[in-house]
Structures are given as structure tokens and as C-alpha cells.
Amino acid sequence: DVKVTQSSRYLVKRTGEKVFLECVQDMDHENMFWYRQDPGLGLRLIYFSYDVKMKEKGDIPEGYSVSREKKERFSLILESASTNQTSMYLCASSTPWGNSNQPQHFGDGTRLSIL
Amino acid sequence: AQKITQTQPGMFVQEKEAVTLDCTYDTSDPSYGLFWYKQPSSGEMIFLIYQGSYDQQNATEGRYSLNFQKARKSANLVISASQLGDSAMYFCARVGPNQGGKLIFGQGTELSVKP
């Protein structure tokens, strides 16, 4: 079974802190993704990576950065946490889509609260 | 922006009955894929079913089927014989070529199954 592991299920941080969310996958997937989920808005893509050291901005990258030094690990960094970054964060991985059933596999999510 | 629209924020269904969750999408790509995910209250995203734009038949997976109407750009999820464990958020998502495998998600539908 594909396993995507996020380092924390719940996290509480303070405004201005630098926050690291870690994600590891064990299926040798090329693509990795970070989403943010808020009620009524669905999942919104923050950043994604299709190879080691490669990254591309998603729809809402402001206030975030990412790091992918190894294929299996994709880190999301909140440079200076703010209260409007309180949210559910989901990591996912997949093979490149090729017109076939290749779903993204998700971690269990991290509920982050910024006080 | 190419959107996914789920017009039903919340739905109720009686146990053992069938229910249809609506999804419409906007795309100019001839080749694309459509996914449905289930998210229970625990937060994990569970892949349910996939439909490719060139697939000749509507996708089915156990109690899940997809009513794919390409001309109308709709991909409604049908759940037959609803069970209490089907109570969850359901998300429709689309992927297209040359997009790095990115998924675009709808806002979600919260399904509640009544005993």
C-alpha cells in the first residue's frame, strides 16, 4: 500500500514562528503536493514538485516555501506564521498523470493552529 | 480559471437508498481525468473512482459509479445502497495534461446518511 506520512496530526504555533511541515512517501513517486483545506473552499494547491529540487507555485503560494532535497520528502515551510494560516494542510504524492487511473495518495493531514 | 463546481454543500440520504452527488467542470483540454475522493471526519482523503475523458464506459467501483456526460461537462457520483459509513465530505477533482499532475478540486459536498 502507498503510504504518505505527515509528521504531525495536530500542531499549535505562535504568530511569527517559522513552521515546518514534513511529508514522506514510500512509493518512489515523482510528484508531491501541498494543499491547504478550508471550509467551503475545498483543497487549494500551495506548491508542488515533480522532481528533486524542482518546485512550482500553486494557486496560493504567498507566505509559504517548500523544500525537496530527496525524492521521498517534501517539506512545507511557513516563513513567519500568521493567524490566517490556521488551516488543515494535506500532502499528496503521485506518478505523473498519463490519461489513466493514477490517483494522488494523501497523508492524514496536519491541523495547524497559529495563535 | 478552469473550475470544478459542486453545487450541493450538504445532502441527506436515507440508509439503503441511492444518492447522486453533482460535479461540473470547465476545461478546454480534450484529454483529462476526473477523480472522486471521500474525506471522513478523521480527515484522510480516500480515492473512490476515476473517469478518463476518452473512456467509452462510465466508471464503476463497487457501490460507486460515475455518471459521465462529456458534452455537458458533468461527472456525477452515484452511491448505491447508502451506508452509515458513507457519511463524509466528497470531493470531485480534475487533472489535465501538461499540468504536472495537479488536481483542481471542487468545494465538496457533505453527505449525511440517516438511519
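So the protein sequences, as listed, match chains A and B.
If you count by our numbering, then the first sequence holds residues 1 to 115, one letter each, in order.
If you count by our numbering, then the second sequence holds residues 1 to 115, one letter each, in order.
Where a beta carbon is used, it is the ideal one built from N, C-alpha and C, also for glycine.
Count the other CB atoms, across all protein chains shown, that sit within 10 Å of the CB of residue i; report buried if there are 16 or more and exposed otherwise.
| i | result |
| --- | --- |
| V113/B | buried |
| F33/A | buried |
| F105/B | buried |
| D26/A | exposed |
| M54/A | exposed |
| P96/A | exposed |
| P115/B | exposed |
| S80/B | exposed |
| D86/B | buried |
| L84/B | exposed |
Answer with yes or no whether the minimum CB distance from residue i to chain B is below 9 Å.
| i | result |
| --- | --- |
| S65/A | no |
| R14/A | no |
| D28/A | no |
| W97/A | yes |
| N31/A | yes |
| E56/A | yes |
| L76/A | no |
| R68/A | no |
| L115/A | no |
| S94/A | yes |
| R36/A | no |
| L11/A | no |
Would residue i count as contacting chain A if we go by Cβ distances under 9 Å?
| i | result |
| --- | --- |
| G43/B | yes |
| F12/B | no |
| I4/B | yes |
| Y25/B | no |
Out of curiosity, what's the CA-to-CA distance linking residue i and residue j?
| i | j | result |
| --- | --- | --- |
| L77/B | G16/A | 43 Å |
| F35/B | G108/B | 12 Å |
| S31/B | D38/A | 29 Å |
| M88/A | Q57/B | 36 Å |
| Y54/B | Y50/A | 25 Å |
| T5/B | M45/B | 19 Å |
| T60/B | L66/B | 6 Å |
| K70/A | G96/B | 26 Å |
| G100/B | S93/A | 11 Å |
| K73/B | T27/B | 8 Å |
| R36/A | G62/B | 30 Å |
Given that residue i touches chain A, what residues does it touch there, using C-beta distances under 7 Å?
| i | result |
| --- | --- |
| L103/B | Q104 |
| Y50/B | N101 and P103 |
| V95/B | W97 |
| Q107/B | G40, L41 and G42 |
| G100/B | N31, F48, Y50 and E56 |
| G85/B | Those within 7 Å of G85/B in chain A number zero; the least Cβ separation is about 18 Å. |
Please compile the residues from chain A whose C-beta is within a distance smaller than 8 Å of the C-beta of residue i.
| i | result |
| --- | --- |
| F68/B | The contacting residues do not exist; F68/B stays about 14 Å from chain A at best. |
| G62/B | Those do not exist, as G62/B stays about 15 Å from chain A at its closest Cβ, beyond 8 Å. |
Thinking residue i and residue j are a contact (beta carbons under 8 Å), I'd like their distance in whole angstroms, please.
| i | j | result |
| --- | --- | --- |
| A88/B | P40/B | 5 Å |
| L90/A | V12/A | Contact doesn't hold; Cβ gap of about 18 Å is too wide. |
| T83/A | L112/A | Wrong, their Cβ atoms sit about 11 Å apart, outside the cutoff. |
| D22/B | Q8/B | 6 Å |
| P103/A | F91/B | So it is not a contact: roughly 12 Å between Cβ atoms. |
| S75/A | L21/A | 7 Å |
Could you work out which residues of chain B lie near residue i, taking near to mean beta carbons separated by less than 8 Å?
| i | result |
| --- | --- |
| L21/A | Within chain B, no residue comes near L21/A; the closest Cβ sits about 14 Å away, beyond 8 Å. |
| L112/A | What L112/A touches in chain B: nothing, since even the nearest Cβ is about 12 Å away. |
Contact criterion: CB-CB distance below 9 Å. Does residue i meet it with respect to chain C?
| i | result |
| --- | --- |
| P115/B | Protein chains A and B are contained in the structure displayed, whereas chain C is not. |
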